[in-house]
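Data block below; observations after.
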Amino acid sequence: MKICLLFIIVTTFLTFNLQADDIHKIGISYAIDINHEYQFDKRTEIPFQEIHQEYLNLGYHTDAIWIKAEVDVSKSTNEFFFRIDKTLTDSLTFYSQEAGFWKEQLVGIKVENSNTYPSGYYLPVQLNKGHNTFYIRVVSNFSHLYELSLVDRQLIEKFDYRQNLKHGLLLGLFIVIVLYNLFLGVNLKDSIYAYYALHGLIIMLSLLSLEGFFSQKYLNISSDYIYFIITINVCLASVISCWFCIKFLNLRKTNPAFHVIMISMMVLDLASFVGLFIMQKLGYQITYYALTTVTTIYCVFAMLTGLISYRRGNEVAKFYLMGWTVYFIGIISQAFVLYGVISPTYLNKNFYIIAIISEVLLMSFALADRYKKIQKNQRTLKDKIANKQENLDVVLLDNRRRQNVQEKIIDQLKVINKSGEIEKGIKSLILELSHQKISDDKQLHFQENIEEVDVQFLKRLKHMHPQLTSTELEVCSLLKLNYSTKEIASYRQTSEGAVKTNKSRIKKKIGSEVSLNEYVMSV
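According to the UniProt record's numbering, the stretch in the sequence shown is residues 1 to 523, in order.
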C-alpha cells in the first residue's frame, strides 16, 4: 500500500511541468553538417533551415548538428541563462557574444568537468537590447532532441530541485522494491525474487542513466566511464528482463519457442552492446539507434510471451501481461520521440518513466500473487500430510486392535477346548465376532471419511474452540461419524468411563447448552 502511495506521488509529480519564462520567444533554425565542412568563422554560409517550435528533434545522426537561436529583448541584461533541456550529449559547443566578442562554452559527456546540472545545461549569456543570436554545434551518439529556453537563476533552482526530487523518489521507490524482494527471496528460499530484485536494480540504474543522472557534475565521473555506465545499464535492463521473463513464466517448459526467442534477444542485446562499445573505442561515431531498436523489439516479444502464457492458463501471467503492456506503450512512445517520429511533449517524454514504474509495481503484484498461491498450496499440502498422518495413526490403532482381538480369540478357543462345552463356546464366540464385525464396519466407514471430516469439520472446530486438545478433537471426529460411547472406547482402546469423562470435559470447554452429540452434528 505504501509503495502504491509513493507511486501515485511520483506519477502526480511527473504530470506537472514547470514552465520556463516564455516572455523571450526563441527562433530556431538548424543545419546538418553531412560533409563536416561547416565552420563557425563561416557561419553566414551555413544553410540554416528555420523551424517554428522551441525545440529541435532530428532523431539519431552521427553528423554534427548546427543550431542557430535568435531572440529579441527590450533591454540589456546579464541575469539570464540559456537552457538546453538535455543531459545526454557527447559534446556541445555554445557560441555567444559578450562585449562585442564571440566566446564559446563547451559542455557534454565527453567534456571533462562539464558544467552539467540535474535538469540540463545552463549557459550564462549577455543579452543586448534588440536582436541576439546564438550558435550551437552538437556532436552526439544520443538522439538529437533539444528544447531551448531562457531562464533566470531562480528558475534554475526550481528546475534542479524538481529533478533532484524526482531522482530521490525514483531511488527510494526502487530501493524499497529491491530490498523487499531480496528479503522475500532469502526467507522463502525462492530465487525468482532474487531475479526480480536484480531486475528492479538494473531498471533503476537504466532509468537514472537515461535521465542523465550519472553525468551530473557533483558525481565527478570520468567521461570514459559515463559512456560505459549508460550503455551497460540500458543493455542489462533488457537482458535481465529477458532472464526474469524466462524464469517467471517457466518458458523452458511452458513455451520452448519463446524460450529460444528470449535467449536470442539476450544474445542480440549483448552483441549490440559489445559492438557499440568496441566501435566507440575505435573512434567510430556510432549512435544508440541499434540499442534502442533492440530494446523496443524485446518489449514486443515480452508482451506476446505474457499474452500467450495467460491464454494457456498461466494465471500469474495476468499481472505480467498488464505490466509489460504499459511498459511497451511507454518504451514505444519514447522510441518514437527519440526517432523523431512524434513531437515531444512533457507527457510523452516522461511517460516511459511512469510506464517503467507501473511495470515494476505490477510485477511486484504478480510476485505477491505467486506468493499467495505458493502459501495456499503449502497449506493444502500440510493439510494433506496431516490427514495422511491421521490415516496412518488410524491404521496403526486398527492393527493393534485386531491383534488384541486375535489374541483374545485364541485364548477363548483354548478355554473352550479345555471346558468341553464346545458348542456353547462356539456360539458365544460367533456372537462376539458379529459385534466385532459391526465395529469393524464402522471403523472402515471412519477410515473412508476421515479426510472429509478433518478438512471440513476439524478446521471449523479448531477455529471456534482453539482450546480443544488433539484427543478431544479426535473424540469429536468420532462423534461426527455417529460413534457411540462404547464404539469410541473400542476404537481408542480405552474404557467407556474415560470416554464419558472426555465428552464431559469437551462440553464444558465449548459451553454448549445442548448435548455434545447434537452440537457436533451442527458444526
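Yeah, the Cβ is synthetic: ideal placement off N, Cα and C, and Gly gets one too.
Taking a contact to require three or more Cβ pairs closer than 8 Å, the region 462-473 and the region 486-506 qualify as touching. Assignment of beta-bridge partners to P124 by DSSP yields F81. With fewer than 16 other Cβ atoms inside 10 Å of its own Cβ, E407 counts as exposed. Judged by pairs of C-beta atoms under 8 Å, the region 95-106 does not touch the region 214-233, as fewer than three such pairs exist.
In summary, S191 is exposed, with fewer than 16 beta-carbon neighbours lying within 10 Å of its beta-carbon over all protein chains present.
Within the same chain, Cβ atoms closer than 6 Å to the Cβ of R83 are found at G120, Y122, S149, V151, the five residues on either side in sequence being excluded. Cβ atoms of L479 and L516 come within 8 Å of each other, at about 7 Å. Judged by DSSP secondary structure, Q163 falls within the alpha helix (DSSP H) whose first and last residues are 153-188. Taking the Cα positions, E54 is about 11 Å away from S343. Measuring C-alpha to C-alpha distances from P47 to each of T62, I67, G59 identifies I67 as the nearest.
Here the C-alpha atom of L249 lies approximately 7 Å from the C-alpha atom of A317. Contact holds between the region 291-309 and the region 330-350, because three or more Cβ pairs, one in each stretch, are under 8 Å apart. With a beta-carbon spacing of about 15 Å, I136 and L88 fall beyond the 8 Å limit used to define contacts. Where F248 is concerned, the enclosing alpha helix (DSSP H) starts and stops at 223-248. Straight-line measurement puts the Cα of L210 at about 21 Å from the Cα of I278. If you ignore the 5 residues before and after Q216, its C-beta comes within less than 7 Å of the C-beta of T116, P118, all in its own chain and listed in chain order. For G130, the enclosing beta strand (DSSP E) has its first and last residue at 130-139.
The distance from the Cβ of H61 to that of I32 is about 6 Å, consistent with a contact at the 8 Å cut-off.
Rounded to whole angstroms, G100 and A64 show a C-alpha spacing of 27 Å. Note that the region 227-246 touches the region 194-206; at least 3 beta-carbon pairs, one per stretch, sit closer than 8 Å. When DSSP states are grouped into helix, strand and coil, K103 belongs to the strand group. Between T293 and M204, the alpha-carbon positions lie close to 20 Å from each other. Here F336 carries a helix assignment [DSSP, helix/strand/coil]. In this structure, V360 sits away from G172, with a CB-CB distance that is not shorter than 7 Å. Distance check between Y339 and each of L56, T380, Q39, I34 places L56 closest, using alpha-carbon atoms only. Bridge pairing for L150: F82 [DSSP]. Short of 6 Å from the beta carbon of V499, and not among the five residues preceding or following it, lie these beta carbons of its own chain, in chain order: T485, I488, A489. Leaving aside the five residues that flank S74 on each side, the residues in its chain whose CB is nearer than 8 Å to its CB run, in chain order, K129. G212 sits in coil when the DSSP states are folded into three classes, being neither helix nor strand.
Remark: C-beta atoms of Y346 and F142 do not approach each other more closely than 7 Å.
According to the DSSP secondary-structure assignment, Y117 is paired through a beta bridge with G120. Here the alpha carbon of Y38 sits roughly 45 Å from the alpha carbon of M262. Distance between Y320 and S238, taken at the CA atoms: about 15 Å.
When rounded, the separation of the alpha-carbon atoms in K509 and I430 is 42 Å. For E423, the secondary structure class from DSSP, reduced to helix, strand or coil, is helix.
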